[in-house]
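Report on one structure; see the data block that follows.
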Amino acid sequence: MVRSGNKGKLENGDVPLPFRPTSEVESERFVKFCEKFVRVPKGTNAKGVFRPREWQMDIVRDVLDSGARTVGEMLPRGSGKTTLNAAIALYVFFTWGEGANVDIFAVDERQAGLAFSAAKRIVELSDELSSRCYVYADKLVIPLTDSTFQVMPASPAAAEGRDSVLTIVDEAGVVNRDLYEVVALCCSSLRVQRMASFSLPVMSK
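In my numbering, the protein residues as written are -18 to 186.
This is the structure in structure tokens:
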């Protein structure tokens, strides 16, 4: 596995992320996380602070506050869903503590790579995030919390037994049905233990 970003010892690898919002509401904490750490990876307002719009916050609240195990999105192309999903995934990855593993499944490697590339670029644009996280070609790793953010092959076998707190199934309308069912089952069984596992199917109109 080749690192595409930071090399060797992480500058702040043994230092917790300086993030202590006062709110206990996940969606409100997410907004603070974006203000402090998330920059738009490309396109309009590239490198500017990512400020979710109200309709995007409706999705965030569904994902983070509702307690639902599975949340679906159906958004038109060019709506910013890739950046939004990357921001949600990184919030979970960096702030949910030990073993906050995030998996991305998609219909093919190219599609999964789009979602992962946005997350990777956001990390690279933040000194606080990148100094605590190893950046590889197909995954991110936080040694302090033993957490991984990983692109997975779009096959049911790859999804079996995964211990993730967030699973993103990109373009869920065209992925293998068996894959989606395995992901949903894994989230269901983990929920008994962790109460925070859910899958986030994403589709474009």
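Each residue gets a CB set at the ideal place from its N, CA and C atoms; glycine is no exception.
Environment of residue i [buried if 16+ CB atoms lie within 10 Å]
| i | result |
| --- | --- |
| residue 133 | buried |
| residue 4 | exposed |
| residue 100 | buried |
| residue 173 | Residue placement at residue 173 is flagged as unreliable, the pLDDT there being 32, under the threshold of 50; the coordinate-derived value follows with that caveat. Label assigned to residue 173: exposed. |
| residue 124 | exposed |
| residue 118 | exposed |
| residue 145 | buried |
| residue 27 | exposed |
| residue 49 | exposed |
Residue i to residue j span [Cα, whole Å]
| i | j | result |
| --- | --- | --- |
| residue 38 | residue 68 | 12 Å |
| residue 13 | residue 72 | 10 Å |
| residue 24 | residue 62 | 13 Å |
| residue 8 | residue 16 | 13 Å |
| residue 33 | residue 78 | 24 Å |
| residue 175 | residue 147 | A caution first: residue 175 carries a pLDDT of 31, below 50, which makes its placement in the model too unreliable to give a value. |
| residue 55 | residue 0 | 31 Å |
| residue 53 | residue 126 | 28 Å |
| residue 158 | residue 57 | 22 Å |
| residue 44 | residue 11 | 11 Å |
| residue 139 | residue 2 | 36 Å |
Test item: CB-CB of residue i and residue j under 8 Å
| i | j | result |
| --- | --- | --- |
| residue 121 | residue 114 | yes |
| residue 75 | residue 135 | no |
| residue 19 | residue 103 | yes |
| residue 187 | residue 84 | Limits of the chain in this structure are -18 at one end and 186 at the other, which puts residue 187 out of reach. |
| residue 128 | residue 81 | yes |
| residue 187 | residue 21 | Because the chain here runs from -18 to 186, residue 187 falls outside it and cannot be looked at. |
| residue 40 | residue 96 | no |
| residue -2 | residue 109 | yes |
| residue 93 | residue 151 | yes |
| residue 46 | residue -4 | no |
Where residue i falls: helix, strand or coil (DSSP)
| i | result |
| --- | --- |
| residue -17 | Reliability fails at residue -17, whose pLDDT of 45 lies under 50, so the model's placement of it is uncertain and no value is given. |
| residue 55 | strand |
| residue 64 | helix |
| residue 30 | strand |
| residue 10 | helix |
| residue 20 | strand |
For residue i: DSSP bridge partner residues
| i | result |
| --- | --- |
| residue 86 | 150 |
| residue 131 | 84, 120 |
| residue 72 | Answer is none; residue 72 lacks a bridge partner. |
Test: residue i CB closer than 8 Å to a CB of chain C
| i | result |
| --- | --- |
| residue 49 | Any reference to chain C falls outside this structure, which holds one protein chain only. |
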